[in-house]
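Beneath this line is the structure, given in structure tokens, with notes to follow.
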Amino acid sequence: MSPVRRVLAAALVLCAALAIGQSPGGLLDSAAAATVTPVPGDPLTGSGAVNRSLLTYAQLMSGTSTAPVSDGAFALPAQAAPPTHTFEGTLTLSGEATGGGFDELRDDFSYTPAVADSPWKHLPEIDLQFVQNGSHLIPARPGLLYTGATTWNLVAGNGRVWNENTDNGYTRAAFPLALVERNANCVHNGVLTFLFTDTAISQVRYQVTQETCMYFKFDMWGQLAATYTPAAVPGAEALKNGYAAEVAGRLPTKPISALATDYPGVDVTKYGNGVTPADMTAYGLFINGTNYVSGCTTRFGSYAFCEHMLMPSYSTAKSAFASLALMRLGQTHGAGIYNERIRDYVPETASAYGDWSTVTFDDTIDMATGNYRWAGYEVDEGGRTMSNFFTAEPYATKMSTALSFPAKTAPGSLWVYHSSDTFVLTRALGNYLKAKTGAADLYTTMRDEVYEPIGLSAGTLSTERTDNSPTGVPFGGYGLFWTRDDIAKVTKLLNADGGRSGTTQLLNASMLADSMQKDAGDRGLNTTGSPSFKYNNGFWAKQFTSADDPAYTCSFYVPFMSGYGGITVAMMPNGGAYYYFSDNNEFSWAAAVNESDKIRSQCNP
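Numbering-wise, the sequence shown is residues 770 to 1374 according to my numbering.
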């Protein structure tokens, strides 16, 4: 059990003891005496003398919102003073279904009809619990929240709480909020702010002005009435300590511009190059233990909570979830898991349109089941069957659609990209795990045994599932979420740490070596299309030679994760990893690999 989960378990036992009227002293003396660890960087040291012209006390108390404002107005100011009030309890907004403004920028699928009350144009109902550790506001339910709305689920992030001298004794709070499209992986980043005391609250101002979503872009804003219901939150101490540990465990970070100082001669313009700036969410280079990061812009300035900006996985989940799950089970049950047959763990394949009788786990993670309609590059992926698969919400419908491709060739012989195949494999891995250990859920196991040990943030430790339900089946091939720190830690596990967390081997080393192109005898299958890549165990790979850069004295492969719309996570032989998240369907990253050779040789790392 990870330290964070151990603290949480102790707190819940304490709450249970108090609920039944039993003294916790004999049960959990250590938990009863536990103290809250401050978040690194606290306490605040400002005077409170903030020169504020936007989102003032008067505006939050009785004003209105007619358009988005500079995102910096929501951010912690340099002179923020320590908070005099503590927020613990429930924040409830009113009037979400009709309040606010909306400006459509792109809508490829006609989501928003020309009526003011379209649910796409408004927030879902918001009812959130928070606790507070110093100047940090911490959601009691981090991760994806299924709202029940027809349009939006959401993720509430960690915010800040502080005092300003002109707020008439109120304390100011702000926190990031991401809207996540129901049954899809688009993420729209926003922020909310309000004033509060122990017994009162102002109105809540919000705006959503940034996204990683190629087909649906908009600005949303408003100011709504709210209520604050103070109450003790179960497990509050664990939440506070867990967040303090999360912040302490982040990778060292520098701005991307610091590369030129730390490594003279490096041209920092090669990073982020080839992607339209307006469509870039964030990018970075993790190398030599430091995460060199870009800014994170919105259409109204820099995002107020850059370290918490949420980014969708899309198909990077095929690598970072489905493939890692296979490697994790390979570590706990042996690499022979490659040869297990899908039909033995997915009973629905008995009535499939195609032939799954000899398809193995290895065939499926390689996108080579032999079941497809068209072998052209992502022709099936962009076709009607796959569209029906993506829009299907119930598990039974999603699975039957995934199994509706006809048998065309022998398994393991031809690469044909299907997100649906990863869904089938994820289900098979989950049923395999249950048969071997009794574990109820594959993603929960991955969370506990891989993602938490490497320190991923609590807000990203969830996945989208079928039936729009936390008890549904994980999508597998998409549906995770990342921050900049999270994706750098995933690459660190794969590319720098050899599948280890500390001295503990989390992933099967030989399976990881295959996936990371360490075995010249197992490069994987050739992809169709131009250019052609290698594809092995859910990871793409591009070959580099002196034709890419005259400085190269060797030929080498760079394995990479790729995501819909313009997402790349490239892991280089020199131990570095370049990543970017964008949404204009631009895939340009070779220049970053070439430039990184100046930091550490790709041929002699």
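Positions of the beta carbon are idealized from the N, C-alpha and C atoms, including for glycine.
Quantities reported herein were computed from a predicted structural model and do not represent experimental measurements.
Rounded to whole angstroms, what is the Cα-Cα separation between glycine 1248 and serine 1082?
6 Å
Are serine 1315 and glycine 1335 close, meaning C-beta to C-beta below 7 Å?
no
Exposed or buried, which one is aspartate 877 when buried takes at least 16 other CB atoms within 10 Å?
exposed
Would a check of beta-carbon distances place asparagine 1264 closer than 7 Å to chain C?
Any reference to chain C falls outside this structure, which holds one protein chain only.
Can you say whether aspartate 1366 is buried or exposed, counting buried as having 16 or more other CB atoms within 10 angstroms of its CB?
buried
Take every Cβ of the segment 1207-1218, pair it with every Cβ of the segment 1044-1060, and state whether three or more of those distances are shorter than 8 Å.
no
Taking the CB atoms as reference points, tell me whether glycine 810 and alanine 850 lie closer together than 7 Å.
no
Keeping to the same chain, check which residues put their C-beta closer than 7 Å to that of aspartate 831; ignore five residues upstream and five downstream.
The amino acid at residue 831 is misidentified as aspartate; the sequence shows serine. Taken in chain order, the list of residues that qualify is empty.
So, for valine 1338: in the same chain, excluding its five sequence neighbours on each side, which residues have a beta-carbon less than 7 Å away from its beta-carbon?
Thr1085, Ile1256, Thr1260, Phe1329, Met1330, Ala1346 and Tyr1348
DSSP state of glutamine 1371, grouped into three classes?
coil
Can asparagine 1200 and alanine 1176 be called in contact, C-beta distance under 7 Å?
no
Cβ separation of alanine 1144 and valine 1115, assumed to be a contact under 8 Å, to the nearest whole Å:
Not a contact, Cβ separation roughly 23 Å.
Which parts of the segment 826-858 are runs of the beta strand (DSSP E), unbroken and 3 residues or longer, counting only runs that do not cross its ends?
none
Roughly how many whole angstroms lie between the Cα atoms of leucine 1093 and serine 1238?
23 Å
How about valine 1128 and proline 1180: do their beta carbons lie closer than 7 Å?
yes
Rounded straight-line distance, which links the Cα of glutamate 873 to that of proline 837:
13 Å
List the residues that DSSP assigns as beta-bridge partners of glycine 959.
Leu946 and Val977
Roughly how many angstroms lie between the CA atoms of threonine 1235 and alanine 847, to the nearest whole one?
44 Å
Using beta-carbon positions only, say whether threonine 1067 and aspartate 896 come within less than 7 Å of one another.
no
Which runs of the beta strand (DSSP E) spanning at least 3 residues fall entirely within the segment 1028-1089, listed in chain order?
1049-1056 and 1059-1062
Tell me which same chain residues have a C-beta within less than 7 Å of the C-beta of threonine 1045, skipping the five on either side of it?
Asn1353 and Glu1355
Count the other CB atoms within 10 Å of the CB of glycine 790; is the residue buried (16 or more) or exposed (fewer)?
Its pLDDT being 38, under 50, glycine 790 is placed unreliably by the model, and the measurement read from it follows with that caveat. Exposed, by the Cβ-count rule.
Would you mind listing the alpha helix (DSSP H) stretches within the segment 1188-1235 that are 4+ residues and don't spill past its ends, in chain order?
1188-1206 and 1211-1215
Run through DSSP, which three-state label would lysine 1287 get?
coil
Measuring only the C-alpha atoms, how far is alanine 1121 from alanine 1165?
12 Å
Please state the DSSP three-state secondary structure of phenylalanine 985.
strand
Sheet register partners of valine 1338 (DSSP bridge)
Met1330 and Tyr1348
Spatial neighbours of alanine 994 within its chain, please: CB distance less than 7 Å, with the 5 preceding and 5 following residues excluded, ordered by chain position.
Ser863, Gly864 and Gln972
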